[in-house]
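In numbering that gives the first Met the number 0, the protein residues as written are 0 to 534.
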Amino acid sequence: MPGVFSYVNLIAKPRNYILHSSFLLVVHLFTVFFIPDSVAGNFGNSIYILLNFFVVLILFRAAKTLKEKDSVLNRAWFFIAGGQTAVLVGDILFSLIFLVRGEPLFPSIGDFFYLLYYPFLFLGILQFKSKEKIKFSSVELGLAGIITNTAVIYILVFLLLPLTNGSPPDVISMLISFAYPINDLILLLALVFLLFQSPTIIHPLPTGVIANGFFLLLVADVLYGSLAYSGQYQSATLIDTFYLLSYMVIGLAGVFQINLADQPSPNNQSFHNFLTQIRLWILLFAIMGQFALLVFMELTPELRVYRWWILGGLAVTMAMGIFIIIKTLEENRNLVAQLQIINQQLEERVRQRTVELEKSRLLLEQQANYDYLTQIPNRAYFINLLKKEIERRKNKSEKFYLLFLDLDRFKEINDTAGHHIGDELLIKVAQRLRSCVRERDQVARFGGDEFVVLITEPVHEQTVQMISNRIIERINEPFSIKTSHYKIGVSIGVVSSEYMPDVKSALQHADIAMYAAKNTGGNRIVYFNPATHKT
């Protein structure tokens, strides 16, 4: 036995398995065409048993590989391996009977084990199901109905209906002959069930390969059942090739499962696309198969007796096709309505987001360009504005003026009364400054207790003097904060545009003039003059 398991490990690789199974298939075909019938039967049966024995071992190996990884797939492959074991026992019994009698026997004890194969396969297929509750759409039900209807028509025309003609050899033979196509039909429904749902945690490669193996099995069963019932079946013929191929393909699926056990399953979307393609191809072949059967009926007189069965099946298919078209149009209308609702929701969300972004932009702009305390422009904003104004007026004769203000006695109040009083005082100063200038003039807080005023547009020095005097008068008025009154003054340095070649010079000259005002007692106005103010 260790040698057997070593051989299984050797062929549990796709390439090795294909080479070994292909060799047995070639031997089988050689037996069919070149070995005398008296020897071919026993030799062909030996090939069956040998191939099936290793297929059974591979399927159990696949189940064992998944034991620790996935209990659901483990059960699925265990049932499939159990079914293949029943076939192996059936092959052994069939071969022993053939060896003793020299010809096949139908029915026999081997047929019991062959039929036992189907419940195991059915249980195995049912394991490949979604964990969620399955809900088929109307279109999926229609597609599944067309595929199933096509299979039913073929089974009826080529197997079940011919079995009802003439006198059966005995009741048991008839029952077993009917059991094969009925089990095939149940197996077909299970495959359609697998095809028209969304399986989870399974890889499409072994699943698709094993589905092809089951399809070959269905073809072989229909041919075997029809010939065995009529007494025309012979061992080691081309019909047996379909059984041999089904064994090979099912074993190959087990080999793929063994080698893919440690690999992650493909994502649900790729698997869904894979299944959709398979469904469409099967649907296409199903519809073409029905029309081909209709043509074949006209060319084959023996099939014309089943004309109404074939036409009835085709009518059912056409009705299902019309049903699918109607449901598809209805689902498309519903989908369009849902997309419109989703589009409206997205547009509303985009509008809301746009409003939010605009608010955020304005807030960031406010924070970047305005003083957080007084809510008037800050130093950065004012310097940028002053730079633009200097550039704009560089080659023009119109004057504009810069006022640099520093509050007198503010530091004493801020230190003695507290910073909260100082903050309130700065807020009120900013409000009074705005009331002293024109709408087009710009007031900004330069930092601490320093403020600046930019007087633009064509303006005379008398206007600047009037605005400056008004500022001193308003700042000298007492400030009422809570229950106290506070008096401060303001020193103002003024510089005209002729002494502002750039921003740095403008601020420097205005600052010099302001300190000249403060050093001479404060609460007064000083104009920058390069002759008296050294820079």
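Backbone N, C-alpha and C fix where the C-beta goes; we use that ideal spot for every residue, glycine too.
Report back the beta-carbon spacing between residue i and residue j to the nearest angstrom; my notes put them in contact at under 8 Å.
i    : j    : result
I412 : Y485 : 5 Å
L204 : L120 : Rounded, the Cβ-Cβ distance is 19 Å, inconsistent with contact.
I57  : V26  : The pair is not a contact, with the Cβ atoms about 19 Å apart (cut-off 8 Å).
F399 : V458 : 7 Å
I145 : G320 : 7 Å
G89  : Y113 : 4 Å
V463 : V493 : 6 Å
A189 : L125 : 7 Å
R523 : A516 : 5 Å
G446 : R360 : At roughly 25 Å, the Cβ-Cβ gap does not stay under 8 Å, so G446 and R360 are not in contact.
R306 : M317 : About 16 Å; that fails the 8 Å criterion.
F52  : L87  : 6 Å
G141 : I286 : Between I286 and G141 the Cβ distance is about 12 Å, and since that is not below 8 Å, they are no contact.
A505 : L432 : Actually they are not in contact, since the Cβ atoms of A505 and L432 sit about 19 Å apart, beyond 8 Å.
F93  : N44  : 7 Å
G123 : A178 : Incorrect: roughly 19 Å between the Cβ atoms, too far for contact.
F255 : L215 : Their Cβ separation, rounded to whole angstroms, is 16 Å, which puts F255 and L215 out of contact at 8 Å.
A336 : I375 : That belief does not hold up - the Cβ atoms of A336 and I375 are roughly 54 Å apart, past 8 Å.
I470 : I491 : 7 Å
L24  : M247 : 7 Å
Residues bridged to residue i by DSSP?
i    : result
S495 : Y400
R444 : F450
D407 : G488
Alpha helix (DSSP H) containing residue i: first to last residue?
i    : result
I480 : Premise fails: I480 lies in the beta strand (DSSP E), F478 to I480, not in any alpha helix (DSSP H).
I511 : V502 to N518
T462 : E460 to N475
S94  : S70 to R100
E423 : H418 to C435
P529 : Segment: none, P529 is in no alpha helix (DSSP H) and carries neither H nor E.
I34  : No alpha helix (DSSP H) holds I34; DSSP gives it neither H nor E.
T240 : L237 to L259
Y305 : No alpha helix (DSSP H) holds Y305; DSSP gives it neither H nor E.
G123 : I108 to Q126
Looking at the unbroken beta strand (DSSP E) that takes in residue i, where does it start and where does it end?
i    : result
Y526 : I524 to Y526
Y485 : S483 to Y485
If you measure from the beta carbon of residue i to each beta carbon in chain C, is any gap under 9 Å?
i    : result
T373 : Of the protein chains in this structure there is only one, and it is not chain C.
Comparing the CB of residue i with every heavy atom of the ligand SAM, is any distance shorter than 8 Å?
i   : result
S45 : You won't find the ligand SAM in this model; it holds no ligand whatsoever.
Across the stretch 447-465 and the stretch 404-420, are there enough close Cβ pairs to call them in contact, namely three or more that are closer than 8 Å? yes
Three or more beta-carbon pairs under 8 Å between the stretch 494-512 and the stretch 383-390, yes or no? yes
Going residue by residue through the stretch 356-390, where are the continuous alpha helix (DSSP H) segments of at least 4 residues, counting only ones entirely within it? none
How do the stretch 430-443 and the stretch 359-368 stand: do at least 3 beta-carbon pairs fall below 8 Å, yes or no? no
Pairing CB atoms from the stretch 93-106 with CB atoms from the stretch 55-73, are three or more of them under 8 Å? no
Indicate whether the contact test is met: 3 or more Cβ pairs, each with one atom in the stretch 344-359 and one in the stretch 174-189, closer than 8 Å. no
Cβ contact (3+ pairs, closer than 8 Å) linking the stretch 242-252 and the stretch 12-22: yes
Where are the beta strand (DSSP E) runs, 3 residues long or more, that stay fully inside the stretch 331-357, in chain order? none
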